[in-house]
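Visitor:
Residue numbers (the working numbering): 824 to 883.
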């Protein structure tokens with residue numbers, strides 16, 4: 824899944840774009856970023872700190 828596909832999926836279930844920062848981070852929002860190796864990292868970003876990080880095992 825690409826960030827564009829994820830954005831469409833989130834929109835289709837009513838999740839506001841302000842809730843999830845795709846490809847970067849924003850204060851008081853969930854962030855989704857892809858590493859150069861292809862793994863996805865999801866975390867809550869608050870006051871300049873990544874909280875509750877989770878990683879996928881691959882880019883698939």
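For each residue, glycine too, the CB sits at the ideal point set by N, CA and C. Keep in mind that this is a model prediction, so the values were computed, not measured.
For residue 834, report the span of its alpha helix (DSSP H) as first-last.
Guide: 826-835
Visitor: Classify residue 860 as helix, strand or coil using the three-state DSSP reduction.
Guide: coil
Visitor: In the DSSP assignment, what residue or residues form a beta bridge with residue 868?
Guide: 852 and 873
Visitor: Closest to residue 868 by CA distance: which of 829, 879 and 849 is it?
Guide: Residue 849 is the option with its Cα nearest to residue 868.
Visitor: Could you check which residue in 833, 878 and 837 has the C-alpha nearest to that of residue 859?
Guide: 878
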